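Just so you know, the numbering used here puts 396 at position 394 of the sequence shown, and the rest follows in order with no gaps.
Glycine included, each C-beta is placed from N, C-alpha and C at the ideal position.
Note that the structure is a prediction, hence the values are computed from the model and not measured.
These notes concern the structure reproduced below.
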Amino acid sequence: MGKFGQDWTKGLLTACAMTMVLPGVVSVGHAQTTPAGVVDGHQKAAAATSTATMGTPQTQTKSITPVPLLVKPAPTKTGVETAAKTSDSTENRFFPASFHDWLTQSTMTGDWGGWRTWLTDKGINIGGHYLEDSAGNPMGGRTKAVRYADEFGINVDFNLKKLTGLNLGMFHTLITARQGLGIGATLPAMDSPQQIFGSGETVRLTRLSWEMPWNKYVTTEVGEINTENDFEQSSVYWGMSQYCQFESNAICGMPQSIAMNSGYGWYPTAHPGAWVKFYPAGNDHYLVQFGAYSVDPVISNTHNGWKMNLHDATGTYLPFQLGWHQGGKDDYSGPLQTNIKIGGYWDTSEVSDVYSHLGSFGVPAQYLISAPSEKVRGRFGGWFQFDRMLQRDQGDPNRGTTLFTSFTWGDPRTSVAPYFITWGITRKGTFRDRPNDTISIGMKMLWVNPKLTIWARQMQAAGAEGINKPSGEHALELNYGWRPTPWLVIRPGAQYIWSTGGTNRYKNPLLLDFETGITF
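Set out below in structure tokens:
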């Protein structure tokens, strides 16, 4: 415990130092179509494009979703509305007029003396983000460790109608850079406890695409994209990704089993692909969408950060999704938002069946040869997602509570986790003077394919030694999101993992988390 305490203290101090120092030397921005504001801390970085409503495309990362500090002012006791205002001097100068102005402006770097607003008005939206995930386990797991990982991102979006005068949609670009280490391998854990870690710690092209709303019924996108932006994605409440109120990669971005079981393209990797969305009623109440993405099992390798071809592709990932949305135009008035999504996929790739994954559960190599592994052409699966705003405070519409749950099912021939459930509850507005802070509790429940459990049980009965029976891995996370400014979130929390690594080989670990997000 003494060595762990020293390592954890050192990691925590490093994270705090990075939080305070790096933003001062890195001046990049985070482009989006929503107003800038509070950063939202995962897929993983986490962080995929999602929609506040299914008819409102947004450009944002999986992990960071800024929102205004007070989108709609709360009424006072006298009935007169008041709102936090940003100083005009802050928006029209390169440097804020005061420390208070700096803390209340929508992004950390402000309006660049008016140039940011000028560029946006001309059709060029520039922005950036920084996100770090630190985690350490003072108890449980194979070894005790502290790990830090981060991501920097910069994106530039071009509104082609503003630039050319022609209705040509939007052109998106996003580049991300990841560094650091993950704690998942040291536990071990089937899902990374740090949503920002993974997909190769390198500089990567994450998005290069053309998005076109043809009319109120049809929208398309084509280019280098990832599936996580548009299928099985998180809903948005108060401008924040609902799933990415959690550091666990099992929840943030999308239910993680979909990527474990198929050729789903996750953030921040980019795949040649395209999708089409149909709105039968001409609004966001009903959605029918289809997509096609290249399946590339090596895209997350470090040297493939800028890969833009079909080399090494094994097939095509073909998802579809039906959506139903109810609620007002925002989360501060009107009916409480409700979303339901039902989807499925077919992956044309030829892959090894589920027995090929026995090695990841620590099965000794001499026994793997006895597993009845074979090749399978095509994988399939599906999902169900539900989320709802449970309540909105009458005295302050900035405060409320949301709930989500999801169920993912995978091909029993090939899926490591054919049954996977997530749920979570977030309360925004924790104390009287903290309308934008959040407290969140969430859980993932992962069941390992019973074919592997039966095989391990049979091998144990035959006298095989050193085989641990795979069963499942469940995890619970509790955290507090402190938002001292519209552009900063600091999220301490804890995760508890049952049967880490999918077996009962190690004591259940308790993780202490520390997440920081900054919108430039």
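For Asn231, the closest alpha carbon among the candidates Gly241, Gly364, Gln258 and Gly267 is that of Gly267.
Contact annotation: Lys446 and Ile156 have beta-carbon atoms that are not nearer than 8 angstroms.
In this structure, Leu360 lies near Leu454, with their beta-carbon atoms less than 8 angstroms apart. DSSP places Thr350 in no alpha helix (DSSP H) but in the uninterrupted beta strand (DSSP E) bounded by Thr340 to Ser354. Pairing Asn251 with Gln258 gives a Cβ-Cβ distance under 8 angstroms.
Of the other Cβ atoms in all chains shown, fewer than 16 fall within 10 Å of the Cβ of Pro366; this residue is therefore exposed. Taking Thr432 as reference, the option from Pro452, Ala466 and Arg394 with the minimal CA-CA separation is Arg394.
Residues Leu207 of the same chain have their beta carbon placed closer than 6 angstroms to that of Trp308, with the five preceding and five following residues left out of the count.
Within the same chain, and ignoring the five residues on either side of Pro452 in sequence, no residue has its Cβ closer than 6 angstroms to its Cβ.
If you keep only unbroken beta strand (DSSP E) runs of at least 3 residues inside the stretch 480-521, you get 490-500 and 512-521.
Distance from the Cα of Asn263 is smallest, within the candidate group Pro472, Phe422, Leu514 and Leu490, for Phe422. Runs of the beta strand (DSSP E) lying entirely within the stretch 189-248, each at least 3 residues long, are 205-215 and 220-227 in chain order. Relative to Glu467, the option among Gln368, Thr440 and Gly483 whose CA is nearest is Gln368. Checking the DSSP bridge columns, you'll see Lys446 partnered with Thr424 and Ala477.
When only Cα atoms are considered, Thr505 and Pro414 end up about 19 angstroms apart.
Below 8 angstroms, too few C-beta pairs join the stretch 276-286 and the stretch 175-192 to call them touching: fewer than three.
For Arg118, the uninterrupted alpha helix (DSSP H) run begins and ends at Trp117 to Lys124, by DSSP.
Rounded to the nearest whole angstrom, the CA to CA distance from Phe322 to Asn161 is 27 angstroms. With fewer than 16 neighbouring CB atoms inside 10 Å of its own CB, Arg434 falls in the exposed class.
Counting C-beta atoms within 10 angstroms of its own C-beta, Asn438 has 16 or more neighbours from the protein chains shown and is therefore classed as buried. Your pair Leu478 and Tyr508 does not check out as a contact, with CB atoms roughly 17 angstroms apart and the cut at 8 angstroms. Across the set Thr404, Ile198, Ala147 and Gly317, the C-alpha of Thr404 shows the shortest separation from the C-alpha of Leu338. Between Ser296 and Ala99, the alpha-carbon positions lie close to 50 angstroms from each other.
If you check the CB distance, Glu223 and Trp240 do not come in under 8 angstroms.
DSSP places Ala187 in the helix class (H, G or I) of the three-state scheme. Here Ser375 has Ser354, Asp355, Tyr357 and Ser358 as same chain residues with Cβ atoms under 7 angstroms from its own Cβ, once five neighbours each way along the sequence are excluded. Per DSSP, Thr304 lies in no alpha helix (DSSP H) segment and is marked neither H nor E.
The straight-line gap separating the alpha-carbon atoms of Gly465 and Ile371 is approximately 16 angstroms. Between Gly383 and Gly346, the CB-CB gap stays under 8 angstroms. Spatial neighbours of Lys218 in its own chain (CB-CB distance under 7 angstroms, excluding positions within 5 residues in sequence) are listed in chain order as Tyr281 and Gly284. The Cβ-Cβ distance between Phe248 and Gly519 does not fall below 8 angstroms. The C-alpha of Gln328 lies about 42 angstroms from the C-alpha of Phe97. Lys343 counts as buried, since at least 16 other C-beta atoms from the protein chains shown sit within 10 angstroms of its C-beta. With respect to the C-alpha of Thr440, the residue from Ser201, Arg390, Tyr482 and Pro472 having the closest C-alpha is Tyr482. Scanning the stretch 103-183 from its first residue to its last, the whole beta strand (DSSP E) runs of 3-plus residues come out as 126-141, 148-161 and 172-182. In this model, Asn311 and Asp159 are separated by some 23 angstroms (Cα to Cα).
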